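Residue numbers for the sequence shown follow the numbering used here, beginning at 127 and rising by one.
Glycine is no exception: its CB is placed at the ideal position from the N, C-alpha and C atoms.
Predicted model, so just to flag it, every value in this text is computed and none were measured.
Scroll down for the structure; my scribbles are underneath it.
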Amino acid sequence: MASFDEQVEISLPEIYHVNNHLREENRMLKSWLEKGRPCDTSKETDDKKPIKWKGRLMNTLLVSKFFLVVFIAIALVLVIFHLKDLIGEVTDFQTYSKQAILEKTNDNLQQKKRLSISLREDVSLQECHGPYLKRSFPDMDYALLGYNILKGYPMSIGHDPGFTYPIFRANYSNNDQTADCQYSVPKGLILIPDVSCITSFSSKIVQTQYELQQSLSVSAHISGGGWGVSFSASAGYKEASSTVTSGQWIMIYSSAKCNYYYCKLEKTSPPPFHPVFLNWVHKLNRTISNSYKDDSDTYMAFFDHYGTHFVDEATFGASFTYEHKMSSSSYSKMQEKGTNVAVMASYSGLFSIGAGFNLDSSQREQASVFQSEVQTSTVTIGAPPPANGDTMTWASTVKETPVPTQYSLTPIAELFCSDYMEYLGVRYDEIKLRIEKYKNEYCSYLHKKGLVDTCQDLTEGLILKETALSGTTDVENLDRSRCIKACLERYSCVAISFCRECTTNDYNYNSCQMYTESISITGTKTNGMETTIIISKIKKQLKFSDTAIIGRERIANQTMNVRRMNVHDCLSRCLDDAHCVAFTFCECSNTERNCKLYSEEGINQLETERGTDTYFISNMLQSVYDIYPTSATPTSIPSSGNGTSKDT
127 MASFDEQVEI
137 SLPEIYHVNN
147 HLREENRMLK
157 SWLEKGRPCD
167 TSKETDDKKP
177 IKWKGRLMNT
187 LLVSKFFLVV
197 FIAIALVLVI
207 FHLKDLIGEV
217 TDFQTYSKQA
227 ILEKTNDNLQ
237 QKKRLSISLR
247 EDVSLQECHG
257 PYLKRSFPDM
267 DYALLGYNIL
277 KGYPMSIGHD
287 PGFTYPIFRA
297 NYSNNDQTAD
307 CQYSVPKGLI
317 LIPDVSCITS
327 FSSKIVQTQY
337 ELQQSLSVSA
347 HISGGGWGVS
357 FSASAGYKEA
367 SSTVTSGQWI
377 MIYSSAKCNY
387 YYCKLEKTSP
397 PPFHPVFLNW
407 VHKLNRTISN
417 SYKDDSDTYM
427 AFFDHYGTHF
437 VDEATFGASF
447 TYEHKMSSSS
457 YSKMQEKGTN
467 VAVMASYSGL
477 FSIGAGFNLD
487 SSQREQASVF
497 QSEVQTSTVT
507 IGAPPPANGD
517 TMTWASTVKE
527 TPVPTQYSLT
537 PIAELFCSDY
547 MEYLGVRYDE
557 IKLRIEKYKN
567 EYCSYLHKKG
577 LVDTCQDLTE
587 GLILKETALS
597 GTTDVENLDR
607 SRCIKACLER
617 YSCVAISFCR
627 ECTTNDYNYN
637 SCQMYTESIS
647 ITGTKTNGME
657 TTIIISKIKK
667 QLKFSDTAII
677 GRERIANQTM
687 NVRRMNVHDC
697 LSRCLDDAHC
707 VAFTFCECSN
717 TERNCKLYSE
727 EGINQLETER
737 GTDTYFISNM
747 LQSVYDIYPT
757 SATPTSIPSS
767 GNGTSKDT
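Put into structure tokens, the structure is as follows:
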């Protein structure tokens with residue numbers, strides 16, 4: 127449409143000016159008519175001339191008014207059409223501006239989402255100050271739960287049974303968010319995206335209960351002890367422990383993992399407690415005023431409900447584990463050939479998920495040989511890795527259902543302090559003291575219910591202070607921790623001797639001496655030396671010639687009526703005693719008893735004693751003993767080397 131200026135050449139102020147001018151002329155004409163015409167030269171009669179003149183004047187006035195009205199009407203119509211065009215142009219500009227802004231915003235969002243596998247595809251990225259709700263980290267509830275270290279088992283199929291009930295609740299009232307504005311963060315938690323995947327399997331060989339516990343503790347790391355054997359009340363641990371303690375099998379765990387995000391508790395400004403947990407806190411607080419009442423049942427129920435620890439840090443993602451069970455004989459043969467079984471297990475893991483195209487022919491052959499020697503089960507936690515083994519593909523699926531794959535746990539007693547409970551109005555210090563008191567009884571409470579077999583903490587072996595070993599040995603230059611690790615990894619190694627007080631100038635500094643069952647060993651009392659005997663790795667017996675035990679003899683053995691017996695009877699006595707792990711025997715006649723039994727707790731040191739031999743026995747020896755009935759030579763005992771009898 128053409129503009130207003132092209133249709134009329136007069137402006138609105140000019141219209142108003144013309145209108146005022148016409149009004150002024152009209153006023154003057156009326157005044158003139160009232161006063162009469164001053165002169166008239168017409169020849170008409172006096173009574174007819176004024177009438178004719180007045181009529182003409184009125185007609186002129188009416189015509190002027192008519193044209194004035196028409197002129198004003200046309201001007202108004204033109205103004206209306208001009209305003210309509212202006213409004214249309216403004217509307218078009220606003221529409222264009224909105225569309226341009228939306229297109230620019232969409233372009234920015236597309237740029238931000240170009241390669242972010244940490245974002246969910248079904249939700250658009252929110253701006254920092256937008257009115258929209260942010261996304262929360264998926265499955266974050268695990269970080270708010272308690273954990274029972276005795277009932278937990280990180281390798282469980284499904285969720286870890288150690289997780290209990292909510293201690294904290296998620297509170298988003300502070301409107302906190304991550305620095306990149308992608309996620310809402312509840313009060314008291316630090317949440318950080320941590321996307322990383324490794325499909326090259328790492329493998330761990332487990333031959334003892336101690337190694338099993340250490341392997342599980344990588345996933346569920348605890349601070350503070352005194353609760354008993356970690357994981358020992360879980361069905362998964364009992365099954366795996368039974369396998370490795372039988373002496374017939376070893377376990378090999380091959381794992382790949384993919385992380386999605388990391389979570390940490392803010393201890394100086396923690397999240398609010400869950401209402402039900404607060405009820406329990408006040409319930410425990412009421413026990414303080416009843417100092418004469420036995421409140422152990424209340425605390426046992428509290429441990430059962432909320433566990434022994436709470437989550438301090440956690441990594442969420444997925445893990446994929448192969449549990450291989452291999453016979454001890456097969457493992458021994460592979461070790462004798464110098465085969466690295468752990469590496470073979472890792473090759474097998476890649477081969478099994480379809481990523482074997484990354485292996486050469488030799489590696490594929492090793493994977494095939496390994497698979498023929500093992501019984502395998504699969505444990506998937508979260509999303510499994512893809513068939514092509516691609517880490518990016520795995521990462522894109524892990525973000526849908528991440529679960530805790532690694533967590534650090536803090537004793538639940540640490541909640542009862544001013545940082546967490548200053549404003550609750552409870553006597554948290556006294557409650558904490560009672561928790562510390564009753565935690566030592568909780569394992570016994572579960573033992574009475576038949577849920578755990580023992581409450582004694584596991585160690586890498588029996589540590590004998592001021593004791594050295596002599597005999598044929600393998601020596602390596604290792605510090606003590608690596609020395610223990612090396613012995614645990616070697617199938618035949620059952621003991622080490624190490625100098626704890628040696629310095630860099632000493633000959634035995636970092637001298638790791640490893641011993642097997644099949645060699646002749648003698649124990650001596652030596653200052654500065656330390657010996658560790660890994661009893662759980664003994665397959666039959668570990669004999670120390672001309673060696674006696676310094677320690678506390680079993681009381682049950684002291685009350686025996688039989689004072690003199692042969693070595694076979696002495697072995698039988700030890701096998702019949704559930705706590706006996708070693709015995710000494712001598713053919714000497716100058717001692718009150720020639721057979722003495724010892725538990726692990728009663729052994730302190732070894733010393734040289736002519737004519738006396740010390741035997742550490744395996745729990746497997748009972749089945750070996752059945753091969754040699756009591757009709758065998760009384761003074762013989764099955765040897766550790768070839769299964770035949772050896773005279774002492």
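For this session: Please determine if the segment 285-305 and the segment 420-439 are in contact, where contact requires at least 3 C-beta pairs separated by less than 8 angstroms.
Result: yes
For this session: Given a cut-off of 8 angstroms, decide if residue 272 and residue 647 are closer than it, judged by their beta-carbon atoms.
Result: no
For this session: Check whether the Cβ of residue 500 lies closer than 7 angstroms to any heavy atom of the ligand NAP, and answer yes or no.
Result: With respect to the ligand NAP, the structure shown offers nothing to examine, as it has no ligands at all.
Problem set entry | CB-CB length for residue 324 against residue 383, believed under 8 angstroms | 6 angstroms
Exercise. In its own chain, which residues sit with a C-beta less than 7 angstroms from the C-beta of residue 376, not counting the 5 before and 5 after it?
Worked result: 331, 332, 333, 370, 452, 454 and 457
For this session: Quick one: grab the DSSP three-state call for residue 737.
Result: coil
For this session: Would you please state the rounded distance, in angstroms, between the beta carbons of residue 553 and residue 425? I believe it to be under 8 angstroms.
Result: Incorrect: roughly 15 angstroms between the Cβ atoms, too far for contact.
Exercise. Straight-line CA distance for residue 394 to residue 437?
Worked result: 15 angstroms
Problem set entry | Candidates 345, 305, 206 and 322: closest to residue 275 by CA position | 345
Exercise. Just reading off the beta strand (DSSP E) that residue 284 is part of, what are its end residues?
Worked result: Run containing residue 284: none; DSSP gives neither H nor E here.
For this session: Return yes when the Cβ of residue 712 is within less than 8 angstroms of the Cβ of residue 723, no when it is not.
Result: no
Exercise. Of the choices 571, 598, 597 and 297, whose alpha-carbon is the least far from that of residue 401?
Worked result: 297
For this session: Could you say if the segment 728-739 and the segment 591-598 meet the contact criterion of at least three C-beta pairs nearer than 8 angstroms?
Result: yes
Exercise. From which residue to which residue does the alpha helix (DSSP H) around residue 406 run?
Worked result: 401-415
For this session: Could you name each continuous alpha helix (DSSP H) segment of 4 residues or more that falls completely within the segment 602-683, going from the start of the chain to the end?
Result: 606-615
Exercise. How big is the Cα-Cα spacing for residue 597 and residue 469?
Worked result: 32 angstroms
Exercise. What are the boundary residues of the alpha helix (DSSP H) that residue 470 is part of?
Worked result: 467-478
For this session: Just confirm the distance between the C-beta atoms of residue 604 and residue 638, as a whole number of angstroms; I'd bet it's less than 8 angstroms.
Result: 4 angstroms
Problem set entry | Simplified DSSP state of residue 275, which is helix, strand or coil | coil
Exercise. By Cβ distance, which residues of its chain are closer than 6 angstroms to residue 313, with the 5 residues on each side in sequence left out?
Worked result: 297, 300 and 397
For this session: Flag this pair as yes or no: are the beta carbons of residue 379 and residue 447 separated by less than 8 angstroms?
Result: yes
Problem set entry | Nearest candidate by alpha-carbon position, reference residue 389, set 428, 316 and 327 | 316
Exercise. How about the segment 411-421 and the segment 557-572: do they share at least three Cβ pairs that are nearer than 8 angstroms?
Worked result: yes
Problem set entry | Exposure of residue 549, with buried meaning 16 or more beta-carbon neighbours within 10 Å | exposed
For this session: Return the residue from the list 492, 716 and 422 that minimises the CA-CA distance to residue 567.
Result: 422
For this session: Could you check which residue in 200, 199 and 149 has the C-alpha nearest to that of residue 101?
Result: The structure shown does not extend to residue 101, since the chain is modelled only from 127 to 774, so the question has no answer here.
For this session: Run through the segment 292-374 for me and flag every whole beta strand (DSSP E) of 3 or more residues, listed as ranges in chain order.
Result: 315-332 and 346-348
For this session: Would you kindly work out how many angstroms separate the C-alpha atoms of residue 626 and residue 746, rounded to a whole number?
Result: 32 angstroms
Exercise. Quick one, which of 690, 583 and 670 has its alpha-carbon nearest residue 352's?
Worked result: 583
For this session: Provide the residue(s) that pair with residue 600 in DSSP beta bridges, ordered along the chain.
Result: 640
Exercise. The beta strand (DSSP E) spanning residue 708 covers which residue range?
Worked result: 706-712
Exercise. How would you write the range of the alpha helix (DSSP H) that residue 552 sits in, first residue to last?
Worked result: Run containing residue 552: none; DSSP gives neither H nor E here.
For this session: Name the one or two DSSP bridge partners that residue 457 has.
Result: According to DSSP, residue 457 bridges with nothing at all.
Exercise. Based on Cα-Cα distance, which residue from 336, 307 and 329 lies nearest to residue 319?
Worked result: 307
Exercise. Less than 8 angstroms separating the beta-carbons of residue 265 and residue 527?
Worked result: yes
For this session: Compare the Cα-Cα distances from residue 690 to each of 674, 719, 700 and 203 and report the closest residue.
Result: 719
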